[in-house]
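Numbered as in the working numbering, the sequence shown ends at 655 without a single skipped number. Below is one structure; the comments refer to it alone.
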Amino acid sequence: MPAVSSALRALALPLWVAAAPTAHAQTLPEGPRLRDLADRRGFLVGTALGDNFTSSGMGASTYAAYTAVAGREFNFFTAENAHKFGRIHPDLTTYLWSTGDRYDTFARSVGAAFHGHAFAWYKTTSTPPFVVATTGRDELLGLMRDHIEAVGTRYGPGTILWDVVNESLQSSVATAPTTDWRTALRPADTDHWRAVIGTDYIEQAFRFAAATRAATDQSYQLIYNDFSNESLTNKSLAQYMMAQDFLARGVPLEGIGFQMHVGTGTPAYTSIRANFKRLSDLGLDLYITEFDTITGSSAAELDRQAAIYQRTLDVALRNPHFRAFQTWGFTDRSSWLYTWEGNPIGADVRPLPFTTDFSPKPAYYAIQDALAYEQRPPPWSTATSSPPRPPPGSPTPIPPPLWPAPRHAPSPAPPPSPCAAAPRPTAASPRISSPRSNPPPAAPAATTSPAGFACPLARRPFACVSAFPIHPAPSATSPWRASPARPGIASRAGSTSPGTAPSSPPRSTPRPRARPPTSISTPLPWATATCSPTPRWRARSPAGPPWAAAPSPPKPPRPAATTATAACAPPIAAPSGRAPPRTCAPPFSPPARACMRSADT
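This is how it looks when you write it as structure tokens:
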């Protein structure tokens, strides 16, 4: 399998791989749905929908299976190419709304949010001839403004963010910028927008988008999207300098999108985490907008793929400014990698979390594990506020979905968590208005932890298994049933029922960019965890239930000196606008620590 650079571009027309079955049985994967887990934590888990998103393009049975899995698992969607300039606005007076509407309508029908991609892109394949023929700065600025106004107005309600500019920086920046980030822009001979308008075209596009949003009373976020920008490189430095410059001058940049198309290597997680942190320290929201990992079909390769999926999502979830994780497609039937720039890699790359017959792969369960394991305080929490206490015996409320009229009935609420609740804003420090998420439910505060509960904010090696479920086991009458061989995950009994198409989402004014300080008001519980010799997804078998092939290994005995529950370190207030330190007293014995694999490697 040929190696692929991490600088893979996010364009290629997906090749629909021929599928053997003509009918697709819809068997629910083990455990809760990804969108249910994401909704509980106010997070977006999404996917891109391909160009042939029609019954005639896929075939009736395949289209039915495709839409069923997409609507069941994801709360966030993007059209791979349908909303790009050249596709939706092919000539001066023509807008092909019917194609773009198909994706937006589907997202609404399943109660999901939508991601607009993209207003301006350097690619000639996405730039129509009438734009390329325009050679006057003012004239081209007028075309850009008119396009953004038309498309941003039509796809405002239900859209949660727009890629205003896509991939304006060079693929690989050879020299680190010192004073001017504009030296890292693509040369004028490859970027028509820069050639005619100049290096300020990115700023102009953001100002046009912000004006359109304000004039139409929309609330979508405006982000810059690029590839090979996730780790500490010359390119990401140029991106960081651009963000600093824009924010200092009032350019309405509000977030950064990362296209993480992982090749055959392993991501540099320490570098990625540091880059995410410096951008979030500016107050920017962060999104993994495109994710996939090249692999083969062997068990070892699928395990490697699953580890990368989980560890990448773990890094994102630890940053309170991260809003979304989106795969670029979700089934190996279709991937942009199959036709990448006329040089197909081949159908055996298998980069996505579902197989060609829509069965979940280990990567699916890795996403599920990452979403289910770790809890975090919301970015609007404050050190001075105190959480409300529910009446004794009352169930913990479930936050409402991102948009009205959910696709299916919400999952039953779990019993209260033993973790301390995240503090809520006071009148003096109001909660940031956000159209993207709702605060997680309040939980009773706890000063001591039950035996066997793992601190959910601790740095966790990806192969470690919590010795206590995140949510205690539900009652026998609950539609959720505990998975006997998987203590940290519960699975749903029965199937879901479709909902109705939601009405237009409520409008709200764009939220301010400033963020209140974040800290943890009470210590988090922390106790024991045991290490498994293999990741949690290893025991899955396509021939039967995911945990039927091999039971979980027995837990090793713990030395007497380490069986007592260890308390968390006292809370430490964080600087304004930054995530709190996550400091817990390590209860691991030396043998247990020896089997850990650091998430930073």
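Built from N, CA and C at the ideal position, the CB exists for glycine as well.
- Residue pairing for Pro-414: DSSP places it in a beta bridge opposite Phe-408.
- Annotated three-state conformation of Gln-293 is helix, per DSSP.
- In the three-state DSSP reduction, Asp-339 falls in the strand class (E or B).
- For Thr-207, the closest of Val-164, Thr-409, Ala-265 and Asp-245 by C-alpha to C-alpha distance is Ala-265.
- About 7 Å separates the beta carbons of Ser-222 and Asp-245, which is inside the 8 Å limit, making them a contact pair.
- DSSP, reduced to helix, strand and coil, places Phe-130 within a strand of the structure shown.
- Membership of Tyr-363 in the alpha helix (DSSP H) is indicated by the continuous run 353-371.
- DSSP, reduced to helix, strand and coil, places Glu-193 within a helical segment of the structure shown.
- Contact between Gly-212 and Ala-161 holds, since their C-beta atoms are separated by about 6 Å, short of 8 Å.
- About 19 Å separates the beta carbon of Ala-268 from that of Val-219, a gap too long to meet the 8 Å contact definition.
- Taking C-beta atoms as the reference points, Arg-404 and Gly-317 fail to come closer than 8 Å.
- Taking a cut-off of 8 Å for Cβ pairs, the stretch 174-188 and the stretch 151-159 do not touch, as fewer than three such pairs fall below it.
- Within the stretch 213-277, complete beta strand (DSSP E) segments of at least 3 residues are found at 213-220, given in chain order.
- If you draw a straight line from the Cα of Tyr-392 to the Cα of Asp-386, it is about 10 Å long.
- In the DSSP assignment, the residues bridged to Asp-346 are His-315.
- The straight-line gap separating the alpha-carbon atoms of Arg-377 and Ala-249 is approximately 34 Å.
- The beta carbons of Phe-408 and Pro-414 sit closer together than 8 Å.
- By the beta-carbon neighbour count (other beta carbons within 10 angstroms, threshold 16), Leu-146 is exposed.
- Secondary structure at Asp-105: coil, using DSSP grouped into helix, strand and coil.
- Between Phe-262 and Gln-313, the C-beta gap is not smaller than 8 Å, which leaves the two residues out of contact.
- Separation of Asn-129 and Leu-91 (C-alpha to C-alpha, rounded to the nearest whole angstrom) is 10 Å.
- DSSP places Trp-382 in the coil class of the three-state scheme, outside both helix and strand.
- Beta bridge pairing from DSSP links Asn-279 with Asn-220 and Gly-311.
- Around the C-beta of Thr-347, 16 or more other C-beta atoms lie within 10 Å, and the residue is accordingly described as buried.
- Around the C-beta of Glu-193, fewer than 16 other C-beta atoms lie within 10 Å, and the residue is accordingly described as exposed.
- By a beta-carbon distance limit of 8 Å, His-375 contacts Ser-334. Their separation comes to about 4 Å.
- Comparing alpha carbon positions, the residue from Phe-107, Arg-94, Ala-118 and Thr-101 closest to Asp-411 is Ala-118.
- Arg-303 is classed as exposed because its beta carbon has fewer than 16 other beta carbons within 10 Å across all chains shown.
- In this structure, the straight-line span from the alpha carbon of Arg-95 to that of Thr-343 is close to 18 Å.
- About 5 Å separates the CB atoms of Phe-260 and Pro-306; that is less than 8 Å, so the two are in contact.
- Assigned with DSSP and collapsed to three states, Thr-81 falls in coil, not helix or strand.
- Looking from the CA of Thr-270, the closest CA among Thr-229, Tyr-278 and Gly-210 belongs to Gly-210.
- Counting only the Cα atoms, Ile-202 lies some 19 Å from Phe-300.
- When the five nearest sequence neighbours on each side are left out, the beta carbons in the same chain lying within less than 6 Å of the beta carbon of Gln-272 are those of Gly-210, in order along the chain.
- Take Ala-420, set aside five residues on each side of it, and the residues of its chain with a beta-carbon closer than 6 Å to its own are Ala-360, Tyr-363, Gln-364 and Trp-591, in chain order.
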